[in-house]
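Below: one structure, written as structure tokens.
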Amino acid sequence: MRIGIVSPYGWDSPGGVQVHIRDLARYLIAQGHFVSVLAPVYDENSPVEDFVVPAGKPISIPYNGAVARVLFGPVAASRVRQWITSGNFDLLHIHEPAIPSLGLLACSIAEGAMVGTFHVSAPRIKIAFAIAPFVEPIVEKLNARIAVSEVARETLQIHLETDAVVIPNGINLKSFAGAAPRLEWQLGKTIGFIGRFDEKRKGLSLLLEALPEIVKVHPDIRVLVAGPGDQDDFIKDVDPALAGRITFLGKLNEEEKRQFFKSIELYIAPNTGGESFGIILAEAMATGVAILASDIDAFRSVLEDGKWGALFANSSAQDLAIKANQLLASQSTLDQMAAASPEGGARFDWSVVAEDILDIYEMVREEGQPVTLAADSRIWNRMMKGLGGN
Amino acid sequence: MINEWISIFIFLSAFIWYLTFTASRLDRLHHRVETSWASLDALLQQRAAIAIEIAHLAQADPATSIVLTHSAYLAREAKISERSEAEQALTEAFGYLYEDDLFPVEHSGLSEKLTAVNKKISAAIGIHRESVTATKAQRRRLVVKLFRLAGSAPLPVTYPFEDIAI
Chain A
284 MRIGIVSPYG
294 WDSPGGVQVH
304 IRDLARYLIA
314 QGHFVSVLAP
324 VYDENSPVED
334 FVVPAGKPIS
344 IPYNGAVARV
354 LFGPVAASRV
364 RQWITSGNFD
374 LLHIHEPAIP
384 SLGLLACSIA
394 EGAMVGTFHV
404 SAPRIKIAFA
414 IAPFVEPIVE
424 KLNARIAVSE
434 VARETLQIHL
444 ETDAVVIPNG
454 INLKSFAGAA
464 PRLEWQLGKT
474 IGFIGRFDEK
484 RKGLSLLLEA
494 LPEIVKVHPD
504 IRVLVAGPGD
514 QDDFIKDVDP
524 ALAGRITFLG
534 KLNEEEKRQF
544 FKSIELYIAP
554 NTGGESFGII
564 LAEAMATGVA
574 ILASDIDAFR
584 SVLEDGKWGA
594 LFANSSAQDL
604 AIKANQLLAS
614 QSTLDQMAAA
624 SPEGGARFDW
634 SVVAEDILDI
644 YEMVREEGQP
654 VTLAADSRIW
664 NRMMKGLGGN
Chain B
27 MINEWISIFI
37 FLSAFIWYLT
47 FTASRLDRLH
57 HRVETSWASL
67 DALLQQRAAI
77 AIEIAHLAQA
87 DPATSIVLTH
97 SAYLAREAKI
107 SERSEAEQAL
117 TEAFGYLYED
127 DLFPVEHSGL
137 SEKLTAVNKK
147 ISAAIGIHRE
157 SVTATKAQRR
167 RLVVKLFRLA
177 GSAPLPVTYP
187 FEDIAI
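Going down the list, the protein sequences come from chains A and B. So for the first sequence, my numbering puts the first residue at 284; every next one is plus one. So for the second sequence, my numbering puts the first residue at 27; every next one is plus one.
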């Protein structure tokens with residue numbers, strides 16, 4: 284199958300969507316499919332994989348509470364047209380077709396078998412309603428919609444009045460197996476936190492609020508905090524008696540992340556909301572570690588309602604302390620949970636996730652025609668040419 | 027005077043453009059419903075075929091075989107108005123297999139095949155139901171009704187079995 288994938292965000296800037304597309308493209312290529320990824324690329328000289336077609340330099344706009352590196356405009360549109368015409372694709376897989384970037388352009392320009400994946404969850408409601416009339420006729424062309432989580436699906440149902448099939452993000456299970464702990468991180472009973480800790484919704488302050496109760500029962504407890512953020516700013520509000528127990532590791536690379544999960548006794552995810560999927564839990568499971576997470580919707584579905592890790596009542600420091608103390612009291616429980624969790628992570632391995640995506644491709648392709656420029660866009664082209672000729 | 031004619035002309039052409047835009051949008055939606063129904067239909071046929079395969083296995087319990095074959099044939103031959111009931115009956119027939127632990131097929135690979143098809147069916151149902159809902163929503167619009175933009179295309183319907191087939 285000839286598959287064209289459109290990335291909305293800059294290929295050379297970090298982001299979950301780009302990682303997802305990269306891994307998916309690699310998997311599909313390994314299965315013998317032809318894949319071309321159209322993506323904005325910030326630095327023209329940066330090396331990109333040979334399946335990537337750069338579409339131009341993205342611009343940074345504030346979108347949905349973060350800075351997004353997106354690309355649109357007439358030049359980008361003509362690049363998209365060119366790519367579609369020369370690609371002879373059997374199918375287009377468009378990521379984030381509702382965000383003002385390449386995805387939206389491709390979706391409006393192309394016609395034929397198209398699949399869209401929605402990653403984002405809960406944009407601001409008023410804005411979403413205001414842009415819906417523009418987005419609706421475009422997104423409506425997709426033969427099938429995929430949402431990466433139930434939360435993302437709900438966002439779609441509410442804002443665009445459309446439904447989607449849920450297929451989660453993928454991980455490479457194999458690369459997580461066999462990670463080794465790091466001795467300097469194994470200091471007695473250790474609990475771990477990972478994420479941008481100065482962001483309130485990531486919940487580190489909730490964990491610290493629960494910490495005194497945990498220390499009462501487990502006096503030798505230590506906390507490892509991984510992830511970017513300003514630690515001096517954070518630590519000055521923390522009780523000095525507790526501060527001594529906390530070690531900040533800074534931002535970890537992929538390899539260090541696995542070592543981190545392997546070194547700790549219990550991984551705590553106290554996020555209070557705003558998570559669409561929770562890939563970090565899938566990664567923790569794949570590595571093999573006991574998990575305690577808040578019972579927000581995204582985490583409950585990743586952990587299958589507590590099958591692969593314990594849950595505590597969201598935003599309750601008290602419940603967090605109680606559950607953590609229970610788990611930490613029994614080394615055999617922790618060991619059992621750690622041993623069982625890779626099986627839970629296997630649900631998110633690319634061999635499962637990408638096959639589900641391929642099933643959708645097959646369904647959409649069966650009757651759909653190959654991808655061409657949309658009829659109205661062809662007329663537009665001809666008119667422009669006609670005007671130019673005169 | 028000229029100015030008025032010009033503005034009337036502009037307004038009219040904009041309106042005509044809007045009508046064609048809406049009409050082609052509708053046309054695309056109708057086509058999508060056809061496509062999504064075709065792939066759902068094909069998957070349901072596959073499911074019926076698996077039922078017959080299971081019934082023909084040597085180890086199968088004869089009563090279950092009869093129930094399975096019967097409902098599979100009914101589902102395959104059902105007219106569109108009877109389809110819902112027939113597919114529902116087939117789902118129930120599969121249900122007996124699992125309920126009473128009658129699944130005779132440890133090594134035939136049919137159980138895995140059935141699970142795979144069922145998974146695809148539930149995705150196909152989601153996709154089909156979405157395209158029907160979107161089309162219906164457009165068909166309800168005043169401009170579509172007033173100018174008969176849907177032409178003679180029948181209004182798509184969802185069948186009850188789409189909620190409970192699996």
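Beta carbons are placed, not taken as given, at the ideal position from N, Cα and C, and that holds for glycine.
Problem - Residues that residue 426/A contacts on chain B, provided the C-beta gap is smaller than 9 Å - result: 58, 61, 62, 153 and 157
Problem - Short CB-CB distance (under 8 Å) between residue 397/A and chain B - result: Not one chain B Cβ lies under 8 Å of residue 397/A.
Handout entry: Exposure label - residue 378/A; buried when at least 16 CB within 10 Å
Key = buried
Exercise for the section: Would you mind stating whether residue 562/A and residue 454/A have Cβ atoms separated by less than 8 Å? Expected result: Contact: yes.
Practice task
Pick out the complete beta strand (DSSP E) segments inside the region 77-107 of chain B, 3 residues or longer, and give them in chain order.
Solution key: Every candidate beta strand (DSSP E) stretch fails here, since none sits fully inside the region 77-107 of chain B while reaching 3 residues.
Problem - Start-to-end residues for the alpha helix (DSSP H) that takes in residue 299/A - result: 299-313
Practice task
Can you tell me which of the three DSSP states residue 64/B falls into?
Solution key: helix
Handout entry: For residue 452/A and residue 672/A, the rounded distance between their alpha carbons
Key = Note that residue 672/A scores a pLDDT of 39, beneath 50, so its modelled location is shaky; the value from the coordinates is reported in the next line. One alpha carbon belongs to residue 672/A, the other to residue 452/A, and they sit about 49 Å apart.
Exercise for the section: Measure the Cβ-Cβ separation of residue 58/B and residue 426/A and say whether it is below 8 Å. Expected result: yes
Problem - For residue 299/A, the nearest candidate out of 403/A, 383/A and 477/A (CA to CA) - result: 403/A
Practice task
Pull out every residue of the region 615-646 of chain A whose Cβ sits closer than 9 Å to any Cβ of chain B, in chain order.
Solution key: 639, 642, 643, 645 and 646
Problem - residue 576/A and residue 493/A closer than 8 Å at C-beta - result: no
Exercise for the section: Give the interface partners of residue 438/A over in chain B, defined as CB-CB distance under 7 Å, in chain order. Expected result: Those do not exist, as residue 438/A stays about 15 Å from chain B at its closest Cβ, beyond 7 Å.
Handout entry: For residue 522/A, the three-state DSSP class (helix, strand or coil)
Key = coil
Handout entry: Cutoff 8 Å: residue 146/B Cβ touching any chain A Cβ
Key = Taking Cβ atoms only, chain A reaches closer than 8 Å to residue 146/B, which makes this a yes.
Handout entry: Beta-carbon proximity list for residue 564/A, same chain, < 8 Å, skipping 5 on both sides
Key = 552, 574, 576, 582, 585, 586 and 592
Handout entry: Helix, strand or coil at residue 324/A according to DSSP, with G and I counted as helix
Key = coil
Exercise for the section: My understanding is that residue 150/B touches residue 39/B, with C-beta atoms under 8 Å, so please give their C-beta distance in whole angstroms. Expected result: Your pair residue 150/B and residue 39/B does not check out as a contact, with CB atoms roughly 41 Å apart and the cut at 8 Å.
Exercise for the section: Could you tell me which chain B residues have their CB closer than 8 Å to the CB of residue 448/A, listed as they occur along the chain? Expected result: 149, 152 and 153
Handout entry: Within-8 Å CB hit, residue 655/A to chain B
Key = no
Practice task
In angstroms with no decimal places, state the Cα-to-Cα distance between residue 428/A and residue 353/A.
Solution key: Distance from the CA atom of residue 428/A to the CA atom of residue 353/A, rounded to whole angstroms, is 21 Å.
Exercise for the section: Compare the Cα-Cα distances from residue 497/A to each of 357/A, 612/A and 395/A and report the closest residue. Expected result: 612/A
Exercise for the section: Name, please, each residue of chain B whose Cβ falls closer than 7 Å to the Cβ of residue 445/A. Expected result: 156 and 160
Exercise for the section: Using a Cβ cut-off of 9 Å, pull out every chain A residue sitting near residue 165/B, in sequence order please. Expected result: None at all; the shortest Cβ gap to chain A is about 13 Å.
Handout entry: As assigned by DSSP and simplified to three states, the class of residue 370/A
Key = DSSP, reduced to helix, strand and coil, places residue 370/A within a helical segment of the structure shown.
Handout entry: Within chain B, the residues that residue 420/A reaches when beta carbons sit closer than 7 Å
Key = Residue 420/A reaches chain B at 51, counting residues in chain order whose Cβ is nearer than 7 Å.
Exercise for the section: Could you tell me whether any Cβ in chain C is nearer than 8 Å to the Cβ of residue 423/A? Expected result: The structure shown contains no chain C; the protein chains it does contain are A and B.
Practice task
Within the region 445-527 of chain A, note down every full alpha helix (DSSP H) run reaching 4 residues or more, in order along the chain.
Solution key: 456-459, 487-500, 514-518 and 523-526
Practice task
Report yes or no: do three or more beta-carbon pairs, one from the region 108-121 of chain B and one from the region 32-51 of chain B, lie closer than 8 Å?
Solution key: no
Handout entry: Buried or exposed (CB count within 10 angstroms, at least 16 for buried), residue 191/B
Key = Reliability fails at residue 191/B, whose pLDDT of 47 lies under 50, so the model's placement of it is uncertain and no value is given.
Practice task
Alpha carbon to alpha carbon, how far is residue 310/A from residue 398/A? Give it in angstroms, no decimals.
Solution key: 17 Å
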